[in-house]
Amino acid sequence: MGIQRSSQSRNVPLLLLLIIAIFLFFRYTGIAGNSDQVAVEMSGSGNVIPKLQVSVRQVSVTPPKLEIAVTNTHAEPVTVLTWNSPLDPLALQLGLLSFVPAGSDGPIDIPTIQVRRKMPPGADSLATIGAGQTREQELELREPIVPLGRLRGTVSVACRGEWMSVWPSEADVISKESLENAGAGEDAFRGSFQSEAVDIEI
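Everything in the sequence shown is counted per the numbering used here, starting at -1 for the first residue and increasing by one.
In C-alpha cells form, the structure reads like this:
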C-alpha cells in the first residue's frame, strides 16, 4: 500500500505540469491568432489609397492647359509623395497622362523620360491634403512634350499611375527613417490611381 501511494504521489506533479502546458499552449496560440487577425483588419481598414480621388479638367484652350486635382475623401489628413504622382510637375514627361483623339482606337505615343531622384525626398516633394480638401496643379500642353499637331479637335484625357508613398498623417510627423524608405516603408501605403477620362478641346 505504501509503495502504491508513493507512485501515485510522483505522478500528480507530472499530471499537473501536463495540464498547465496544454493550457498555456492553447492560450498563447489563441492570442497570437487574434493579434494577427486584428493587424490584418487594421491594415485593411486603414488603407487610404481608395480615399484619394484623381480628376482632370481643362482650364484653358489657348494655350491648352489642364488642371490635375487630388481630393482626400478620408476623415483624416494624408501626405503623398508627389514623385510620379498626379501632383508631380513632370507628370506629362513621365507619361502619367494619356491622350486619345476622337475617332482613334487608342492613345497617341508621347516621349517619356526617366528621372533619378535624390533620397530622401525633401519637404517640397511632400503634399499634405486635409480631410475633404483638394490639391491641384496646372499643366500646359506644349511642344515638344506633347505633339499638339496630332491632337486637334476633341481629345479624351485620363491620368493614371502608381502612388509611391501615401502616409495617413501630416507631413511633420513622418519620421526621417520613413522618408529614407519612401516607396518601400511599411508605414506608408502604395497603390494605383486613375481618373475618369474627360474630353478637352485643342
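From the three backbone atoms N, C-alpha and C, an ideal C-beta is built for every residue, glycine too. Being a predicted model, the structure only gives us computed values, none of them experimental.
Practice prompt. My understanding is that T80 touches S123, with C-beta atoms under 8 Å, so please give their C-beta distance in whole angstroms.
Written response: The pair is a contact, with the Cβ atoms about 5 Å apart (cut-off 8 Å).
Item to complete: Kindly indicate the opening and closing residues of the beta strand (DSSP E) around K63.
Response: Segment K63 to N70, the beta strand (DSSP E) holding K63.
Worksheet item: Are the CB atoms of V68 and R158 nearer to each other than 9 Å?
Response: Not closer than 9 Å, so no.
Worksheet item: Since V98 and V153 are thought to touch, with beta carbons under 8 Å apart, how far apart are those beta carbons, to the nearest angstrom?
Response: Indeed they touch by this definition, with Cβ atoms about 7 Å apart.
Practice prompt. To the nearest angstrom, report how far apart E65 and S96 are at their CA atoms.
Written response: Near 14 Å, if we compare the C-alpha coordinates of S96 and E65.
Worksheet entry | Inter-residue Cα distance where the pair is W161 and N179 | Here the C-alpha atom of W161 lies approximately 14 Å from the C-alpha atom of N179.
Worksheet item: According to the Cβ coordinates, are V196 and A156 closer than 9 Å?
Response: Less than 9 Å separates the beta-carbon of V196 from that of A156.
Discussion item. Nearest by alpha-carbon distance to G151: which of V57, K116, I127 and I198 is it?
Written reply: Cα-wise, what sits closest to G151 is I198.
Fill in: Sub-9 Å separation of I106 and P145 beta-carbons
Remark: C-beta atoms of I106 and P145 approach each other more closely than 9 Å.
Practice prompt. Per DSSP, which residues does R133 bridge with? Please list them.
Written response: Within the DSSP secondary-structure output, R133 pairs in a beta bridge with V68.
Practice prompt. Express the C-alpha separation of K116 and P166 in angstroms, rounding to a whole number.
Written response: Cα-Cα distance, rounded: 23 Å.
Discussion item. Let's see if you can read the secondary structure: which residues bound the beta strand (DSSP E) around E74?
Written reply: Segment: none, E74 is in no beta strand (DSSP E) and carries neither H nor E.
Fill in: Given G189 as reference, the closest of I200, R140, N82 and D86 once Cα atoms are compared
From the listed residues I200, R140, N82 and D86, the smallest Cα separation to G189 is found for N82.
Item to complete: Go ahead and pull the three-state DSSP assignment for I200.
Response: If DSSP states are grouped into helix, strand and coil, I200 belongs with coil.
Worksheet item: Can you tell me the Cα-Cα spacing of A129 and V171, whole angstroms?
Response: Note on geometry: alpha-carbon atoms of A129 and V171 lie some 16 Å from one another.
Practice prompt. Would you mind sorting G54 into buried or exposed? The rule is 16 or more other CB atoms within 10 Å of its CB.
Written response: The question names Gly, but residue 54 is Val in the sequence shown. Residue environment for V54: buried (at least 16 other C-beta atoms within 10 angstroms of its C-beta).
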